[in-house]
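Going line by line, the protein sequences match chains A and B. Just so you know, we're using our numbering here: the first sequence kicks off at 4 and counts up by one. Just so you know, we're using our numbering here: the second sequence kicks off at 2 and counts up by one. Right, one structure below, let's go through it.
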Amino acid sequence: MGTETTLTRPQNLKLYQPDPFPFDQQPQEPLTPSQWFVKRYPEAYNNHGSPFLELHEPVDEYSERVLPISINPDFFGAALGGRRDLGQSIIYYEAECAWYFKDSDGIYKTTTADKLATVYRALLMKCASDMPANVHKLNLVHEWRQDKTAKAVVNRAKSILLADSSFFSATSPHLRIKGQELHERLAIRFVSELLTCEPGKILMLQDAYTAFSALLKQRELAPVKRSDFKAMVVPIIKGELDVSLRNDLVVDGRQGVRGWKNVRLQSLPA
Amino acid sequence: MYMNETNPYLRRLDQISETKKKWSESEWLLNLLRSETSQKPSIPTEQELLQWAQKLH
Chain A
4 MGTETTLTRP QNLKLYQPDP FPFDQQPQEP LTPSQWFVKR YPEAYNNHGS
54 PFLELHEPVD EYSERVLPIS INPDFFGAAL GGRRDLGQSI IYYEAECAWY
104 FKDSDGIYKT TTADKLATVY RALLMKCASD MPANVHKLNL VHEWRQDKTA
154 KAVVNRAKSI LLADSSFFSA TSPHLRIKGQ ELHERLAIRF VSELLTCEPG
204 KILMLQDAYT AFSALLKQRE LAPVKRSDFK AMVVPIIKGE LDVSLRNDLV
254 VDGRQGVRGW KNVRLQSLPA
Chain B
2 MYMNETNPYL RRLDQISETK KKWSESEWLL NLLRSETSQK PSIPTEQELL
52 QWAQKLH
């Protein structure tokens, strides 16, 4: 099976082709590495094409030998994004140059490039183990599992699985284990659930900050500076209650107090 | 996989077996990404498995 044979018989070099009549028969077990991967990662195939270029050499009238001869790193970069049919999601969060995966509790947790390389290598090995005897496994088990290819795939995955800062924003549906947006999410709940408009009432900035700090402590979140709290909560109160922060309030004879007029803080939940 | 179309009991067994296979594959992949210290989920009951499968659709 030399180079000459391959070059003079290009019809034997095959990219994955979907079954043109998929409803004709019961689903079959994958017989080639490309079939194995496309069955698990159809979206990666739709976006990036065949996982391998395979050489299919007839042995006799009824059988052939299959040798995967070239790998498509884009396909595998996309496949590292996880299996959609299993609810998986892996992203590269550009703002922190960090990898996150959605754990089984639905919360995104950090992982590393090395662990993604392990996933890539494990998938190739699993595929090789599932292949029938007529599939040549050397490239799957040895050549493409080397660090050089694994690193190239993970590196390619960075751009394919890139998520910008809005992915974990305070209004995004994605939750992660720790991040500064958790404070903002809590601030949104603090305003919508604990503050109400009530004529004649005054909410001092200091009281709001004290109450918010207590909520953070209750939830075992890191404390925030008063200035950060102010920067975060002022636009939320304006948006939710249409009340602006004032510096000229009078409370118990003290002048120039900072706070919100006609806003009441309800008691904190236990 | 062949699904038994007529007997509801066998159909449920097929469904559970298929879901178990999927769950195991999902956990295998997630375990490769988790750190050693992170808590791994306990093995789900049949009911939890079916609920998990339902959430995927």
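Think of the CB as a built atom: it goes at the ideal place given N, C-alpha and C, for glycine as much as any other residue.
**OP:** From the DSSP output, read off the bridge partner residues of A/Glu279.
**Re:** A question about residue 279 of chain A goes unanswered here, because the residues of chain A that appear run from 4 up to 273.
Subject >> Inter-residue CB distance, A/Gly262 and A/Leu206 (contact presumed, cutoff 8 Å) >> reply: As a first step, residue 262 of chain A is located in the first sequence; it is residue number 259 there, counting from the start. As a first step, residue 206 of chain A is located in the first sequence; it is residue number 203 there, counting from the start. Taking a contact as a CB-CB distance under 8 Å, the pair A/Gly262 and A/Leu206 counts as one, their CB atoms being some 5 Å apart.
Original post:
How is A/Glu32 classed by DSSP in three states: helix, strand or coil?
Top reply: For this step, residue 32 of chain A is matched to residue 29 along the first sequence. Looking at A/Glu32 - three-state DSSP - the assignment turns out to be coil, as it is neither helix nor strand.
**OP:** Compare the beta carbon distance of B/Leu31 and A/Lys118 with 8 Å and say whether it is the shorter of the two.
**Re:** By 1-based counting over the second sequence, the position of residue 31 of chain B is 30. By 1-based counting over the first sequence, the position of residue 118 of chain A is 115. Cβ distance not < 8 Å, so B/Leu31 and A/Lys118 don't count as in contact.
**OP:** Please check if any C-beta of chain B sits within less than 8 Å of the C-beta of A/Lys154.
**Re:** Your numbering for residue 154 of chain A matches position 151 in the first sequence. Not an interface residue.
Original post:
Would you say the segment 61-78 of chain A touches the segment 138-155 of chain A, given that touching needs at least three Cβ pairs under 8 Å?
Top reply: yes
Subject >> A/Phe40 at chain B interface by Cβ criterion, 8 Å >> reply: By one-based count along the first sequence, residue 40 of chain A stands at place 37. No, because no Cβ of chain B sits closer than 8 Å to the Cβ of A/Phe40.
**OP:** Tell me, please, which residues DSSP counts as bridged to A/Leu206.
**Re:** Translated into positions along the first sequence, residue 206 of chain A becomes position 203. Per DSSP, A/Trp263.
Original post:
In whole angstroms, what separates the C-alpha of A/Pro30 from that of A/Arg179?
Top reply: Locating residue 30 of chain A in the first sequence gives position 27, counting from the first residue. Locating residue 179 of chain A in the first sequence gives position 176, counting from the first residue. Computed Cα separation, rounded: 37 Å.
Subject >> Limits of the unbroken alpha helix (DSSP H) element including A/Leu252 >> reply: Reading the first sequence from its first residue, position 249 is the one you call residue 252 of chain A. Where A/Leu252 is concerned, there is no enclosing alpha helix (DSSP H), although the beta strand (DSSP E) around it starts and stops at 249-254.
**OP:** Would you check if the segment 122-132 of chain A and the segment 152-164 of chain A touch, i.e. whether three or more CB-CB distances between them fall below 8 Å?
**Re:** Touching, yes, given that three or more Cβ pairs across the two stretches are closer than 8 Å.
Subject >> Touching by the beta-carbon criterion (3+ pairs, under 8 Å), the segment 14-32 of chain B and the segment 231-247 of chain A >> reply: no
Subject >> Under the three-state DSSP convention, the category A/Lys17 falls into >> reply: For this step, residue 17 of chain A is matched to residue 14 along the first sequence. Strand, per DSSP.
Subject >> Closest Cα partner of B/Leu50 within the set B/Leu14, B/Thr7, B/Pro9 >> reply: By one-based count along the second sequence, residue 50 of chain B stands at place 49. Nearest C-alpha to B/Leu50: B/Leu14.
Original post:
Which residues in the same chain have their Cβ closer than 8 Å to the Cβ of A/Val254, if we skip the five residues on either side of it in sequence?
Top reply: On the first sequence, position 251 is the one that residue 254 of chain A refers to. Answer for A/Val254: Ile205, Met207, Val260, Gly262, listed in chain order.
Subject >> A/Lys140, enclosing alpha helix (DSSP H) - first and last residue >> reply: To locate residue 140 of chain A, count along the first sequence from 1; it is residue 137. Segment: none, A/Lys140 is in no alpha helix (DSSP H) and carries neither H nor E.
Original post:
Interface residues of chain B around A/Ala125 at Cβ under 7 Å?
Top reply: Reading the first sequence from its first residue, position 122 is the one you call residue 125 of chain A. Result: Leu33.
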